[in-house]
Amino acid sequence: MRDAWKVAGPLVPWLLMVGCEPATITEAHDQLARGPARQLEYAIPITQDTFTVAEFLGDDTTTTADGLLAVTIAPETLGVALGRRLRFDNLAFARLKVNVPAGIPPGNANVNANYAALSNEARILAVDTVVVDSGGITITTMNRLPGVLTYTLTLNGFRDSNNVVVSRSGLTVPAAPGNGTYTSASVTINLRRVKIIPNSVNVNVSGTVNLTTTTTATTADSSIIQSGTGTIVVERLSGTLNPAATPELVIAVEESDEIPASSVDFGQLEDPVKNSTLNDVRLNLTVRNTSGAAFVLSNFTLGVVKLTAGGAIPRDGSNRPAYETDGSGQITMPVTDPGLTTLTIGKGQTKSLSLQSARLIDRVVDLVLSNQRAAVVGEGTVRVGDGTQSTISRADSVSLAMGLTVALDFTVPPAGVAFDTVANGDGMGLDSTKANDLAGTLDSAAARLIVTNGMPFGVEVLVAAVPDTLRAGARADTVFSRSNRVEIGPAQLGPAAVDAQGRVTAAVLDTVNVRLTGQQARVFFGEYFGSGTRIRLLPATGNRGAIRTTDRVILSARAIVWVRVGGR
Amino acid sequence: MRRFTLPLIALALVAPPVAAQAVPEGSQAARVEAAYRRTPTFRFDPFRHAMIPHWGFVISTGVMAENNSLNLTDLGSIITLRCGSTSLLLNPTDAFGGGEICPGPNNLLPSDILNAVNLVPQGRGLTGLAQGEGGLYLGGPFGGHFGLGLSAQGRAYGTFQLDESFVRLVRDGTSAQDFSLGSSKGAVLAAVEGGAHTVLRFGPLGSEDGVHLNLGVGGRYIKPLNFARARSTVGSGDVIRITADSIIVDAEVEVANTPSVDSTFNGKASIAADILLRLTWPTSGLALEAMVANLGTVTIHHVEVETRRLRVRTNDIAELSDSLNSFDSLAVTDTMDLRITLPRVVRFTASAWANRILQVDVSTTLPIKGDFEAPLAVDVGTTWRFIRVIPLRAGVVLGGHQGIGFTGGLAIEGRTGFFQLAGQSFGGFMRRATGVGGRLEMGFFF
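Residue numbers (the working numbering), protein chains in the order written: chain A, 216 to 783; chain B, 94 to 539.
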């Protein structure tokens, strides 16, 4: 049967069709267009959807207590290792004077003296215990007697790690000529791991002077003098720590932390954020004191600096951080307890603060989104101890964990915020002939957007499309300068009504119509197209817009296409 | 059927001799064999050769195809644009061998498709039908009152209809908003048949010039070879509503087909019955005929039936696109034996001689419902016997999908055989025809 059809089948249609084949392709097209000339209208819905700003942001979003939509920036920590800053420089022992009366005949004469070596060091006497991490004391002994002084030095109140009193024996000081001049000798005692109880410090010098001649009146006064100086780095400090008594407990600090670009993610809203002013950024500060001593931060500020390309903090003439400035001066903000001028953190306490830092973070965001390196610098004074029994060790620190919540509360310039974007898209996939045909058939097409705008911003959009793919790195200006571009728009959508804080009070219903001719639509009929979009974010009344999570845009888009058929 | 045939028989028995027509004795009209007075039709006629005047065999074939929108030049243009030339029709080997049917450049443009749809007449949708048959017949009369014939032939029917309520979506745009698949459907059945038909002849009844009664009965053994059908099945829920705000589609399509040609005799064949009643008044040249044919159903074995339903309520065109993309994956396929009703043909024919050489035939074929739907058709034909054995035929076809059609043909009718050739054109002549038909018959008498 199939074979029979193969033979007979072609004859019938051929006989029927013979003479019916048009002579040219054009004639064939015209033949099919012999029907009545008509213009058809196709009205179809494109989409109806609800958009919120959160959809254009990254993943790290939250809601502020005021109900504003906010972006969170990953916490950064400023750590101040206060324990490492504790040290006593230029410690000076009280001066020991031993008088050996005149008339002592040659031979060994005993010397035995005690003195409160730290009696002049009120700053260290104010603490109960000092454990030394490193450092030492250099003790110098002067001798004007005509005989070698051999002695044992016992530092009562100084105990080593084995809890043994620190002492040195066999120490000698050369003999003096006996004419009133001194000889001297020094010994340096390493105090690492030595525990000092300042109020118990009593240094004992015990030994003999092997006199070669009889002592005279010339050598009787201050026959032996001992003094000591040193520096110690503290391992642990305890006692009724009082910065007023111990100035070493007042520590100047400066720490910085770079805000990495990866922490700042405003999704597709980076350009609007960069070009507007943030009004509400909450700095959630968690201050942690790991020590057994209270800290008081005085004159402590956080400021923003633009790091050098190498990541260094720029400095001013006073070697202080060169903070970024704006119309109000240096961009810094104080960190204090509410209503106070200082910030106090108790022993082992963790304290949370929420500070308004819009001015600071606005600049940080601007820098980071402009591909600059930015850092937050903490600078000020920390006073350790509050006069009560306290302890601080070398490992102790105060840390400031900064969690940022950037509310989407902007102030937009009256002219709006303009930014560009480019994109490549898939067209209808028609070849050139079919695309031209469709463009000729299509009389025009209109897109009608019925928008319920519940956003405190309006928008103006101008699109330029070109009939091929844009190269990587192409800019919108490039697209808008192309001679074969098709411009759509500008279309403008008005903002919703807002209150003084920029919050929407009533959504606005607006309609945007965009109409294209068939030839303009031709650009979308090929395989691909490239587009550049100029967007201008328009401010509402007061130029301020605060976006709440409930703010949204309800978009109903429909297309109406007019097509020409027949008529030839 | 009885309500048509009984009154006809009663009329024949009680009617007085019909007033004589202009058929004088010795005229061409009076000398024509009674069998040749039954004018051949392009339409389905199982008794086509049952009244041949002598024993012999007949080879016949005929095809017709029509639609209500595209004429031959339109079709030629589409083929030319799609394939480069209509010459591919001469070499369809690639297509039937599974190759690419149109290897040439595809110049068919989107506007061509829209323009072609624009040719579909308003209010009627796109419809078309085709049928073809070809086979052998062996038979002849046993005396003057009985005739018997055996036939073997292949036959194919095909119809399609895209409902107006669907076509206007593309043709007229979306202004109307409410559309549906409606009664859109299409079906094709190819079968081979073996048949036996008898004709009993009675008369003249009542008087020497009384009526002659011909009663034909026959049956055909039908073996389906191939079947395909697609139709909308969702019924009253069928809706396609497109407004500027939303798109609502609830449509269901059933697609059935035999995946391969069933050439086996597996006991699933069926019988179709045909009945004919013909009254003739030879002296007046008047004849009345009623025929009911193709009574029966056919069971088709191993038919794959897929049901696909699309239900979308959306205001997003992309969602509709997604739904259409997943439409195929929703198909439910069953393999079953499918029983279909054959396209039942009911036809009434009247013929008379207008003068010595002119016979006029008028026939009405009632609409056919079901899978192979066809509209009411009225055929008016004339047979001109300037030479008695060489009748020339011309006529018009009214009704049908295509509007007015024209028929023409000639025959040679002899004592040892006959030859008939006829053609028809619907909706216009030649290039402007939206349908065509042709028949070729050759009979050889022993």
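Every residue, glycine too, gets a C-beta built ideally from N, C-alpha and C.
Counting pairs of beta carbons, one from the region 430–444 of chain A and one from the region 492–505 of chain A, are three or more of them closer than 8 Å? no
List the residues of chain A whose Cβ lies closer than 9 Å to the Cβ of Asp415 (chain B), in chain order. Numbered from 1 along the second sequence, position 322 holds the residue referred to as residue 415 (chain B). Within chain A, no residue comes near Asp415 (chain B); the closest Cβ sits about 13 Å away, beyond 9 Å.
For Phe522 (chain B), name the three-state secondary structure that DSSP assigns. Residue mapping note: residue 522 (chain B) aligns to position 429 of the second sequence, counting from 1. In this structure, Phe522 (chain B) counts as coil in the three-state DSSP scheme.
Listing by chain order, which chain B residues have their CB less than 8 Å from the CB of Ala661 (chain A)? Counting from one through the first sequence, the residue named residue 661 (chain A) turns up at place 446. The contacting residues do not exist; Ala661 (chain A) stays about 11 Å from chain B at best.
Could you tell me the alpha carbon to alpha carbon distance between Leu619 (chain A) and Phe672 (chain A), rounded to whole angstroms? Here residue 619 (chain A) corresponds to residue number 404 of the first sequence, with the count starting at 1. Here residue 672 (chain A) corresponds to residue number 457 of the first sequence, with the count starting at 1. Taking the straight line joining both Cα atoms gives about 24 Å.
At the 8 Å Cβ level, is Ser300 (chain B) part of the contact set with chain A, yes or no? Counting from one through the second sequence, the residue named residue 300 (chain B) turns up at place 207. Taking Cβ atoms only, chain A never reaches closer than 8 Å to Ser300 (chain B), which makes this a no.
Relative to the C-alpha of Val465 (chain A), which candidate in A:Val738, A:Asp480 and A:Arg299 has its C-alpha closest? Residue 465 (chain A) sits at position 250 when you count from the first residue of the first sequence. Measuring from the Cα of Val465 (chain A), the nearest candidate turns out to be A:Arg299.
Which residue's Cα is closest to the Cα of Gly510 (chain B): B:Ser153, B:Thr336, B:Pro375 and B:Gly496? Along the second sequence, one-based indexing puts residue 510 (chain B) at 417. When only C-alpha atoms are compared, the closest one is B:Ser153.
For Leu435 (chain B), which of B:Pro468, B:Leu369, B:Thr220 and B:Ile315 has the nearest alpha-carbon? Along the second sequence, read from residue 1 onward, the residue named residue 435 (chain B) stands at position 342. Considering only alpha carbons, the answer is B:Ile315.
If the cut is a Cβ gap below 8 Å, which residues of chain B does Val778 (chain A) touch? Taking the first sequence and counting its residues from 1, the one referred to as residue 778 (chain A) is at position 563. Here the neighbours are Leu207 and Gly266.
Give the range of the beta strand (DSSP E) segment to which Asn514 (chain A) is assigned. By 1-based counting over the first sequence, the position of residue 514 (chain A) is 299. For Asn514 (chain A), the uninterrupted beta strand (DSSP E) segment begins and ends at Phe510 to Lys521.
Per DSSP, what kind of secondary structure is Lys489 (chain A) in: helix, strand or coil? As a working mapping, residue 489 (chain A) is identified with position 274 in the first sequence. It is helical.
So, using beta-carbon positions, are Ser605 (chain A) and Ala508 (chain A) closer together than 8 Å? As a first step, residue 605 (chain A) must be located in the first sequence, where it is residue number 390. As a first step, residue 508 (chain A) must be located in the first sequence, where it is residue number 293. Cβ distance < 8 Å, so Ser605 (chain A) and Ala508 (chain A) count as in contact.
Is Arg131 (chain B) closer than 8 Å to Arg481 (chain B) when the C-beta atoms are compared? As a working mapping, residue 481 (chain B) is identified with position 388 in the second sequence. As a working mapping, residue 131 (chain B) is identified with position 38 in the second sequence. Cβ distance not < 8 Å, so Arg481 (chain B) and Arg131 (chain B) don't count as in contact.
Excluding the 5 residues flanking Pro223 (chain B) on each side, which residues of the same chain have their C-beta closer than 6 Å to its C-beta? Position 130 of the second sequence holds residue 223 (chain B). Residue identity check: residue 223 (chain B) is Ala in the sequence provided, not Pro. Hits under 6 Å: Ala158 and Gly251.
Say whether the region 298–314 of chain A touches the region 347–356 of chain A, bearing in mind that this needs 3 or more beta-carbon pairs closer than 8 Å, one atom from each stretch. Touching, yes, given that three or more Cβ pairs across the two stretches are closer than 8 Å.
Comparing the C-beta of Thr390 (chain B) with each C-beta of chain A, is any distance below 8 Å? On the second sequence, position 297 is the one that residue 390 (chain B) refers to. Not an interface residue.
Measuring alpha carbon to alpha carbon, tell me which of A:Ser746, A:Ala706, A:Gly631 and A:Ile528 ends up nearest Val519 (chain A). Translated into positions along the first sequence, residue 519 (chain A) becomes position 304. Out of A:Ser746, A:Ala706, A:Gly631 and A:Ile528, A:Ile528 has the C-alpha closest to the C-alpha of Val519 (chain A).
In the structure shown, what three-state DSSP assignment does Ser162 (chain B) receive? By 1-based counting over the second sequence, the position of residue 162 (chain B) is 69. Looking at Ser162 (chain B) - three-state DSSP - the assignment turns out to be coil, as it is neither helix nor strand.
Under 8 Å from the C-beta of Gly655 (chain A): neighbouring residues of chain B: In the first sequence, the residue the question calls residue 655 (chain A) occupies position 440. When 8 Å is used as the limit between beta carbons, Gly655 (chain A) is near these residues of chain B: Ser204, in chain order.
Beta-carbon contacts of Gly233 (chain B) that lie in its chain and below 7 Å, excluding the five residues immediately before and after: For the purposes of this step, residue 233 (chain B) is identified with residue 140 of the second sequence, where counting begins at 1. Excluding residues within five positions, the ones whose Cβ falls inside 7 Å are Ile145, His147, Trp148, Gly149 and Gly240.
Grouping DSSP H, G and I as helix and E and B as strand, with all else coil, what is Lys316 (chain B)? Locating residue 316 (chain B) in the second sequence gives position 223, where the first residue counts as 1. Residue state, collapsed to three classes: strand.
Assess, as a yes-or-no matter, whether the region 318–336 of chain B is touched by the region 271–280 of chain B under the definition of 3 or more beta carbon pairs within less than 8 Å. yes
Would you mind reading off the limits of the beta strand (DSSP E) that contains Lys566 (chain A)? Here residue 566 (chain A) refers to the residue found at position 351 when the first sequence is read from its first residue. Residues Thr565 to Gln571.
Min CB distance Thr351 (chain B) to chain A below 8 Å: Walking along the second sequence from the start, residue 351 (chain B) turns up at place 258. No, Thr351 (chain B) lies away from the interface with chain A (no Cβ there is under 8 Å from its Cβ).
Secondary structure at Asn504 (chain A), three-state DSSP: helix, strand or coil? By 1-based counting over the first sequence, the position of residue 504 (chain A) is 289. In this structure, Asn504 (chain A) counts as strand in the three-state DSSP scheme.
To the nearest angstrom, report how far apart Ala504 (chain B) and Gly474 (chain B) are at their CA atoms. As a working note, residue 504 (chain B) is residue 411 in the second sequence. As a working note, residue 474 (chain B) is residue 381 in the second sequence. Distance between the alpha carbons of Ala504 (chain B) and Gly474 (chain B): 14 Å.
Output, in sequence order along the chain, the residues in the region 382–411 of chain B whose CB is closer than 9 Å to any CB in chain A. Thr407, Asn408, Asp409, Ile410 and Ala411
In angstroms, rounded to a whole number, what distance separates the CA positions of Leu533 (chain B) and Ala515 (chain B)? For the purposes of this step, residue 533 (chain B) is taken as the residue at position 440 of the second sequence. For the purposes of this step, residue 515 (chain B) is taken as the residue at position 422 of the second sequence. Approximately 7 Å between the Cα atoms of the pair.
Residues, ordered as in the chain, of the region 243–269 of chain A that lie near chain B by beta-carbon distance below 8 Å: Ala243, His244, Gln246, Leu247, Ala248, Arg249, Gly250, Pro251, Arg253, Leu255, Glu256, Tyr257, Ala258, Ile259, Pro260, Ile261, Thr262, Gln263 and Asp264
Give me, in chain order, the residues of the same chain whose beta-carbon lies closer than 6 Å to that of Ala487 (chain B); leave out the 5 immediate sequence neighbours on both sides. Counting from 1 along the second sequence, the entry for residue 487 (chain B) is found at position 394. Here the set comprises Thr475 and Gly501.
Cβ of Thr166 (chain B) less than 8 Å from any chain A Cβ? By 1-based counting over the second sequence, the position of residue 166 (chain B) is 73. Yes, Thr166 (chain B) lies at the interface with chain A (some Cβ there is under 8 Å from its Cβ).
Taking the alpha carbon of Phe539 (chain B) as the point to measure from, which residue in B:Gly507, B:Ser518 and B:Phe522 has its own alpha carbon closest? Locating residue 539 (chain B) in the second sequence gives position 446, counting from the first residue. The shortest Cα separation from Phe539 (chain B) among B:Gly507, B:Ser518 and B:Phe522 belongs to B:Gly507.
Relative to the C-alpha of Arg402 (chain B), which candidate in B:Val453, B:Ile393 and B:Asn418 has its C-alpha closest? As a first step, residue 402 (chain B) is located in the second sequence; it is residue number 309 there, counting from the start. Ranking the options by Cα distance to Arg402 (chain B), first place goes to B:Asn418.
Short CB-CB distance (under 8 Å) between Gly493 (chain B) and chain A: Start at 1 with the first residue of the second sequence, and residue 493 (chain B) comes out as number 400. Gly493 (chain B) has a beta carbon lying at 8 Å or more from every beta carbon in chain A.
Would you call the CB atoms of Met535 (chain B) and Phe140 (chain B) closer than 8 Å? Here residue 535 (chain B) refers to the residue found at position 442 when the second sequence is read from its first residue. Here residue 140 (chain B) refers to the residue found at position 47 when the second sequence is read from its first residue. Contact: no.
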